[in-house]
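Mapping of the sequence shown onto this note's numbering: position 98 corresponds to residue 79, and the numbering continues sequentially without gaps.
Positions of the beta carbon are idealized from the N, C-alpha and C atoms, including for glycine.
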Amino acid sequence: MVRFDLVSIFPRFFDGPLGEGIVKRAVEAGLVDIRVHDLRDHTADRHRSVDDVAYGGGPGMVFKPDPIVRAVEAIAAEGGRPDAIILTSPQGRRFTQAEAVRLSGLRHLVVLCGRYEGIDERIHEFFDLEELSIGDYVLSGGELAALVMVDAVVRLVPGAVGDEQSVELDSFTRGLLDYPHYTRPADFRGVRVPDVLLSGHHAEIERWRKTQALARTLARRPDLLPDAELDDDEREILRALMARKGEDDGRD
Ligand code: 9D3
């Protein structure tokens, strides 16, 4: 069982995404426990204020430290000391599949959803915070990033995804992009499914899929190849693809 406590100023943001599909099923099956907390419930002032202007001036607001510290203390008082406290932040290190695997091995995760310009830096004096970003683009806040992390981690909890094999074969687990997929009809408006897939030759189909996955990875995500887990076949196919590409590059 993995427990998530998500802290946000927009708690209803999570209703839709957590109420559908694999995550919903995992919650219903008791594999994960996901609790959403309204940061404003942890304020101590009449106006329930969570933010204030920045010392030193400049645009944008900053989360006050007090409601955040109180929220984490309340979670710890009720659910015990968490194994990790994550702050979603554009300044964080990148959340990757390897991070998802690491987090899926923990039992209790707190995710603080950043907004505005961030949290008062003194928060770091009170907890070990791990800052994580989901990528190099600008979001309006950390809620979507938190949902991305929850989704990626929940899929890794044993039993959450019906077919364990599909989790194991997932492209980012192996470090390669997936091969192309086709379904019926064999001829769609004159465009045919590659013959090899209809041939019934399982060894040929496997080799075609490996070649396609490698060619796509080479063309679209060559950055993945150095860390990809390749079998002997795949290493040989990749050598051939790269030799061919080398020849093409030299052509005018
Ligand atoms: C307008 C604010 N910007 C001023 C220079 C900085 C800024 C602050 C807060 C930009 C975006 C955000 C909100 N983003 C997140 O909280 C966030 C995020 C992201 O924007 N991209 C990728 N991962 C993440 S995790 C949290």
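Bounding residues of the alpha helix (DSSP H) (the contiguous stretch that carries Gly60): Here residue 60 refers to the residue found at position 79 of the sequence shown. Start and end: 46 to 60.
Span separating the alpha-carbon of Ala127 from that of Glu80: Here residue 127 refers to the residue found at position 146 when the sequence shown is read from its first residue. Here residue 80 refers to the residue found at position 99 when the sequence shown is read from its first residue. Using only the alpha carbons, I get a separation of about 13 Å.
Asp109 in three-state terms, based on DSSP: Residue 109 sits at position 128 when you count from the first residue of the sequence shown. Reduced to three states, the DSSP call for Asp109 is coil.
Cβ-heavy atom distance, Leu222 to ligand 1, below 7 Å: Start at 1 with the first residue of the sequence shown, and residue 222 comes out as number 241. Every heavy atom of ligand 1 is 7 Å or more from the Cβ of Leu222, so no.
Distance, Leu110 Cα to Arg74 Cα: By 1-based counting over the sequence shown, the position of residue 74 is 93. By 1-based counting over the sequence shown, the position of residue 110 is 129. The alpha-carbon atoms of Arg74 and Leu110 are separated by roughly 12 Å.
Contacting residues, own chain, Cβ-Cβ under 8 Å from Leu137 (five flanking each side not counted): To locate residue 137, count along the sequence shown from 1; it is residue 156. Ala81, Val82, Ser85, Val148, listed in sequence order.
For His89: DSSP bridge partner residues: By 1-based counting over the sequence shown, the position of residue 89 is 108. Looking at the DSSP assignment, His89 forms a beta bridge with Arg(-16).
Close beta carbons around Val13, own chain, < 8 Å, minus the five adjacent residues each side: Taking the sequence shown and counting its residues from 1, the one referred to as residue 13 is at position 32. Counting only Cβ-Cβ distances below 8 Å, and skipping sequence neighbours, we find Met(-18), Val(-17), Arg(-16), Phe(-15), Val4, Ala7, Val135, Val138, Ala141.
Neighbourhood of Gln78 by C-beta distance below 6 Å, restricted to the same chain and skipping five residues each side: Counting from one through the sequence shown, the residue named residue 78 turns up at place 97. Excluding residues within five positions, the ones whose Cβ falls inside 6 Å are Phe153.
Residue closest to Phe107, alpha-carbon to alpha-carbon, out of Asp117, Val50, Gly0, Ser114: Here residue 107 refers to the residue found at position 126 when the sequence shown is read from its first residue. Nearest of Asp117, Val50, Gly0, Ser114 to Phe107, Cα basis: Val50.
Through-space distance from Pro40 to Thr164, alpha-carbon basis: Start at 1 with the first residue of the sequence shown, and residue 164 comes out as number 183. Start at 1 with the first residue of the sequence shown, and residue 40 comes out as number 59. Going by the C-alpha atoms only, they are around 53 Å apart.
Within 8 Å, strictly: CB atoms of Arg96 and Leu158: Position 115 of the sequence shown, counted from the first residue, corresponds to residue 96. Position 177 of the sequence shown, counted from the first residue, corresponds to residue 158. Against a cut-off of 8 Å, the Cβ pair of Leu158 and Arg96 comes out as no contact.
Extent of the continuous alpha helix (DSSP H) run through Ala194: Mapped onto the sequence shown, residue 194 falls at position 213. Counting along the chain, the alpha helix (DSSP H) containing Ala194 begins and ends at 183 to 201.
When Leu20, Asp26, Ala57 are compared against Phe44, the one with the closest alpha-carbon: Taking the sequence shown and counting its residues from 1, the one referred to as residue 44 is at position 63. The shortest Cα separation from Phe44 among Leu20, Asp26, Ala57 belongs to Leu20.
Three-state secondary structure (DSSP) of Pro161: By 1-based counting over the sequence shown, the position of residue 161 is 180. Reduced to three states, the DSSP call for Pro161 is coil.
Distance cut-off 7 Å: Thr77 Cβ against heavy atoms of ligand 1: Locating residue 77 in the sequence shown gives position 96, counting from the first residue. No, the Cβ of Thr77 stays beyond 7 Å of every heavy atom of ligand 1.
Nearest-angstrom Cα separation, counted from Ser70 out to Met42: Locating residue 42 in the sequence shown gives position 61, counting from the first residue. Locating residue 70 in the sequence shown gives position 89, counting from the first residue. Whole-angstrom Cα-Cα distance: 15 Å.
8 Å Cβ cutoff met for Cys94 and Glu59: Within the sequence shown, numbered from 1, the residue matching residue 94 stands at position 113. Within the sequence shown, numbered from 1, the residue matching residue 59 stands at position 78. No; because the gap between Cβ atoms is not below 8 Å, this pair is not in contact.
Straight-line Cα distance separating Ala209 from Met223: Translated into positions along the sequence shown, residue 223 becomes position 242. Translated into positions along the sequence shown, residue 209 becomes position 228. Taking the straight line joining both Cα atoms gives about 15 Å.
Complete runs of the beta strand (DSSP E) confined to the segment 8 to 42 [at least 3 residues]: 13 to 19, 32 to 34
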